[in-house]
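Chemist: Read in order, the letters of the sequence shown are residues 23 to 264 in my numbering. We put the beta carbon where it would ideally sit given N, CA and C, even for glycine. Quantities reported herein were computed from a predicted structural model and do not represent experimental measurements. Please see the structure below; I have some questions.
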Amino acid sequence: MDRKAYMRDVYSKYWITAREKRYGVSRYDELVCNYIHENLPKNQRILEAAIGTGIPFSDYLQKKGHELYGIDISPALIERCSELNEFIKCSVGDVESIEFENNFFDCTICFHSTWYFPNIYKAIEEMIRVTKASGLIIFDIQNADNCYVNKAYSRRVFRSKGFGLVIQFGVNVAKFFLQRGALNWRGIVHEVPVHPEDIITYFKYGVQKIHPIVMTPEFKLEICEDIAKLKNFEKITFVVYK
Numbered sequence: 023m024d025r026k027a028y029m030r031d032v033y034s035k036y037w038i039t040a041r042e043k044r045y046g047v048s049r050y051d052e053l054v055c056n057y058i059h060e061n062l063p064k065n066q067r068i069l070e071a072a073i074g075t076g077i078p079f080s081d082y083l084q085k086k087g088h089e090l091y092g093i094d095i096s097p098a099l100i101e102r103c104s105e106l107n108e109f110i111k112c113s114v115g116d117v118e119s120i121e122f123e124n125n126f127f128d129c130t131i132c133f134h135s136t137w138y139f140p141n142i143y144k145a146i147e148e149m150i151r152v153t154k155a156s157g158l159i160i161f162d163i164q165n166a167d168n169c170y171v172n173k174a175y176s177r178r179v180f181r182s183k184g185f186g187l188v189i190q191f192g193v194n195v196a197k198f199f200l201q202r203g204a205l206n207w208r209g210i211v212h213e214v215p216v217h218p219e220d221i222i223t224y225f226k227y228g229v230q231k232i233h234p235i236v237m238t239p240e241f242k243l244e245i246c247e248d249i250a251k252l253k254n255f256e257k258i259t260f261v262v263y264k
């Protein structure tokens, strides 16, 4: 089973209930929702890539008067999204091969998801492709430069092979009885962080601007152009002006 199949058939079953019952809507989610709404004109056509259940981003923006579309690799998540908000036009789709024409959306967003993509660069290229000139593409990454994120990734890699699989078995048993977290019986490293500088370098010549944004300890979203300071943040949000 590859990462896409794992996300579609295994992880999605966990996420349907985890988003609502365990994670809810975080302060970061609220800030991002407000940021998007405040930086867009009214009645925009927006795509959420890897929409999941549509909570909170698409649901919030649709209720603010925008026209929302969404794609996700999991049929189960798309079904749940439709149940929660019938006005979101959601469908099963692969973010690395989006089935919309060029320049179709005013804005494309993707949150809590890029670290699950086998090819994050292809996914972002697709998000840029379907967005209109001068439109916005907004997404976040797990920051590979952050020591905590890097350590967590190293643990996931260790548990994906050899003796680490034995440890992972014990972790899965604990998760099953505690009903916390997604089970991973197949040794798949499904969350992969990326270096923010690599994102900036890869895309800066194909777009007008790209800004890394961080959530400060005061719970504010701020642009951080100093690459050296980005290592202090586990998650980086990028705002791309096409």
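1. In chain order, what residues of the same chain lie with their CB nearer than 7 Å to the CB of I38, ignoring the 5 residues before and after it?
2. In this structure, does DSSP put W207 in helix, strand or coil?
3. Just grab the DSSP bridge partners of H233 for me.
4. Just the Cα atoms here: how many angstroms apart are R178 and I77?
5. Between the segment 235 to 244 and the segment 219 to 227, do three or more beta carbon pairs fall short of 8 Å?
6. Are the beta-carbon atoms of L158 and C129 separated by less than 9 Å?
7. Using the rule of at least 16 other Cβ atoms within 10 Å of the residue's Cβ for burial, across every protein chain shown, is M29 buried or exposed?
8. Would you call the CB atoms of I120 and L69 closer than 9 Å?
9. Starting from I100, follow the alpha helix (DSSP H) in both directions and report where the run begins and ends.
10. Nearest-angstrom Cα distance between W207 and N141?
11. Take L106 and list the residues in its own chain whose beta-carbon comes closer than 8 Å to its own, dropping the five residues that flank it on each side.
12. Which same chain residues end up closer than 7 Å to I258 when comparing Cβ atoms and leaving out the 5 residues on each side of it in sequence?
13. For Y57, which residues in the same chain have their Cβ closer than 7 Å to its Cβ, ignoring the five residues on either side in sequence?
14. When DSSP builds the beta bridges, which residues end up paired with I93?
15. Starting from S156, trace the beta strand (DSSP E) both ways and give me its first and last residue.
16. Which residue wins for smallest C-alpha separation from A155, given the options I95, A27, E89 and K231?
17. Note down, in chain order, each residue of its chain lying with its Cβ closer than 6 Å to the Cβ of I160, except the 5 sequence neighbours on either side.
18. Comparing C-alpha positions only, which one of W137, H88 and D116 sits nearest to I95?
19. Around the C-beta of G46, are 16 or more other C-beta atoms found within 10 angstroms, so that it is buried, or is it exposed?
20. When burial is assigned at 16 or more other CB atoms within 10 Å of the CB, is C169 buried or exposed?
21. May I ask which residues mark the beginning and end of the alpha helix (DSSP H) holding F225?
22. DSSP three-state call for C55: helix, strand or coil?
23. Distance, Cα to Cα, V171 vs K26?
Modeler: By the coordinates alone:
1. Walking along the sequence shown from the start, residue 38 turns up at place 16. These residues qualify, in order along the chain: T75, A98, L99 and R102.
2. The count along the sequence shown starts at 1 and reaches residue 207 at position 185. Its pLDDT being 46, under 50, W207 is placed unreliably by the model, and nothing is read from it.
3. Your numbering for residue 233 matches position 211 in the sequence shown. The partner list for H233 (beta bridge, DSSP) reads V261.
4. Taking the sequence shown and counting its residues from 1, the one referred to as residue 178 is at position 156. Taking the sequence shown and counting its residues from 1, the one referred to as residue 77 is at position 55. About 27 Å.
5. no
6. In the sequence shown, residue 158 corresponds to position 136, counting from 1. In the sequence shown, residue 129 corresponds to position 107, counting from 1. Going by C-beta atoms, L158 is nearer than 9 Å to C129.
7. Mapped onto the sequence shown, residue 29 falls at position 7. Under this definition M29 is a buried residue.
8. As a first step, residue 120 must be located in the sequence shown, where it is residue number 98. As a first step, residue 69 must be located in the sequence shown, where it is residue number 47. The answer is yes: Cβ separation under 9 Å.
9. Here residue 100 corresponds to residue number 78 of the sequence shown, with the count starting at 1. For I100, the enclosing alpha helix (DSSP H) stretches over residues P97 to L106.
10. In the sequence shown, the residue the question calls residue 207 occupies position 185. In the sequence shown, the residue the question calls residue 141 occupies position 119. Unreliable placement is indicated for W207, whose pLDDT of 46 sits below 50; no coordinate value is reported for it.
11. Mapped onto the sequence shown, residue 106 falls at position 84. Excluding sequence positions up to five before and after L106, its CB lies within less than 8 Å of the CB of T75, G76, I77 and D81, all in the same chain and listed in chain order.
12. Mapped onto the sequence shown, residue 258 falls at position 236. Excluding sequence neighbours, I258 sits near D162, I163, N165, P218, P234, V236 and L252.
13. Numbered from 1 along the sequence shown, position 35 holds the residue referred to as residue 57. Contacts found: L243.
14. The count along the sequence shown starts at 1 and reaches residue 93 at position 71. Answer is A71 and S113, bridged to I93.
15. In the sequence shown, counting from the first residue as 1, residue 156 sits at position 134. From DSSP, the beta strand (DSSP E) with S156 extends over T153 to Q164.
16. As a first step, residue 155 is located in the sequence shown; it is residue number 133 there, counting from the start. The residue with the shortest Cα to Cα distance from A155 is K231.
17. Within the sequence shown, numbered from 1, the residue matching residue 160 stands at position 138. Counting only Cβ-Cβ distances below 6 Å, and skipping sequence neighbours, we find I131 and V261.
18. One-based indexing of the sequence shown puts residue 95 at position 73. The residue with the shortest Cα to Cα distance from I95 is D116.
19. For the purposes of this step, residue 46 is identified with residue 24 of the sequence shown, where counting begins at 1. Label assigned to G46: exposed.
20. As a first step, residue 169 is located in the sequence shown; it is residue number 147 there, counting from the start. By the 10 Å Cβ count, C169 comes out exposed.
21. Here the question's residue 225 lines up with position 203 in the sequence shown. Annotation: the continuous alpha helix (DSSP H) that includes F225 extends over P218 to F225.
22. Locating residue 55 in the sequence shown gives position 33, counting from the first residue. Helix.
23. Counting from 1 along the sequence shown, the entry for residue 171 is found at position 149. Counting from 1 along the sequence shown, the entry for residue 26 is found at position 4. Approximately 22 Å between the Cα atoms of the pair.
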